[in-house]
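As structure tokens, the structure follows; a few thoughts come after it.
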Amino acid sequence: MRLICPGCGLTASVEAWLNDAEARELLLVVVRLPHPLPEACLPYLGLFRPESKALAWKKAGRIVAELAKLAGSGHVQVQGKPSRSCPPRIWAEAMGQMLDRRDRITRPMPNHNYLRQVAWQLADEADAKGEKQRNEHEKTGALPRERIVSTSPLAKLMGFDDEQS
């Protein structure tokens with residue numbers, strides 16, 4: 404079986420990726436990320452790659468480890484602004500927005516500061532939306548409906564995705 408890197412297009416056998424200690428370490432960190440970050444982080448890594456050369460496994464591993472620490476904290480902090488709750492889906496959405504704007508991003512990116520800013524904006528919007536809903540529920544006296552959230556592929560196939568209320 405051959406794997407293709409979505410960031411740089413490198414094609415190599417699974418054995419080649421697993422025989423390299425730094426590549427293996429990177430893959431282990433990626434698969435341990437909470438859903439939906441594994442799918443989002445590999446293309447995001449491409450933003451750290453210089454246009455003319457490949458991203459080293461060691462640097463990619465460091466970047467993903469930093470990302471795991473950011474997402475694992477459960478919040479996002481931007482200098483001069485209050486901390487916001489930031490679940491993995493917001494981090495993934497922020498990475499997606501950055502990839503949509505990749506032609507406007509100076510590459511290689513030196514750090515995750517721009518990701519923090521995008522994630523903070525999304526988290527702030529989510530907080531504002533949640534507060535608005537709470538205020539509406541207080542005015543009407545209605546209790547918010549509980550949500551059942553599932554991220555399993557089978558649940559998504561059956562139409563029970565995490566965006567439904």
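Position one of the sequence shown corresponds to residue 404 (this note's numbering), numbered consecutively onward.
All residues carry an ideal CB built from backbone N, CA and C; glycine is no exception.
> Should the region 490-505 be regarded as contacting the region 519-531, the criterion being three or more beta carbon pairs within less than 8 angstroms?
Replying inline: Judged by pairs of C-beta atoms under 8 angstroms, the region 490-505 touches the region 519-531, as three or more such pairs exist.
> How is H438 classed by DSSP in three states: helix, strand or coil?
Replying inline: Three-state result, H438: coil.
> Do R452 and L445 have their C-beta atoms closer together than 8 angstroms?
Replying inline: Going by C-beta atoms, R452 is not nearer than 8 angstroms to L445.
> My guess is that W460 and E425 are in contact by the Cβ rule of under 8 angstroms, so how many angstroms apart are they, rounded?
Replying inline: Rounded to whole angstroms, the Cβ separation of W460 and E425 is 4 angstroms, and the two are in contact under 8 angstroms.
> Under a three-way DSSP split, which group does V481 fall into?
Replying inline: Note: V481 maps to coil in three-state DSSP.
> Taking the beta strand (DSSP E) that L421 falls in, what are its first and last residues?
Replying inline: For L421, no beta strand (DSSP E) run applies; the uninterrupted alpha helix (DSSP H) run containing it begins and ends at 417-422, by DSSP.
>> For P441 and E454, what's the separation of their Cα atoms in angstroms?
In response: Computed Cα separation, rounded: 23 angstroms.
>> Once the 5 residues before and after C489 are set aside, which same chain residues still bring their CB inside 6 angstroms of it?
In response: Hits under 6 angstroms: H478, V479, A522, A526.
>> Comparing C-alpha positions only, which one of E528, P437, S416, H540 sits nearest to S476?
In response: Comparing C-alpha distances from S476 to each of E528, P437, S416, H540 shows the shortest one belongs to P437.
> The beta strand (DSSP E) with R405 in it runs from where to where?
Replying inline: Counting along the chain, the beta strand (DSSP E) containing R405 begins and ends at 405-407.
>> Beta-carbon within less than 7 angstroms of R487's beta-carbon, same chain only, minus the 5 sequence neighbours each way: which residues are those?
In response: For R487, where only same-chain residues beyond five positions count, the Cβ hits under 7 angstroms are H478, V479, W523, A526, D527, D530.
> In terms of DSSP beta bridges, what is R487 paired with?
Replying inline: Secondary-structure assignment with DSSP links R487 through a beta bridge to V479.
>> Within 10 Å of its beta-carbon, does K515 have 16 or more other beta-carbons around it, so buried, or fewer, so exposed?
In response: In the sequence under discussion, the amino acid at residue 515 is His, which differs from the Lys named in the question. H515 comes out buried.
> How would you write the range of the alpha helix (DSSP H) that E541 sits in, first residue to last?
Replying inline: Unbroken alpha helix (DSSP H) run through E541: 516-543.
> Candidates M501, V467, L421, N422: which alpha carbon is nearest V433's?
Replying inline: Among M501, V467, L421, N422, the Cα nearest to that of V433 is on V467.
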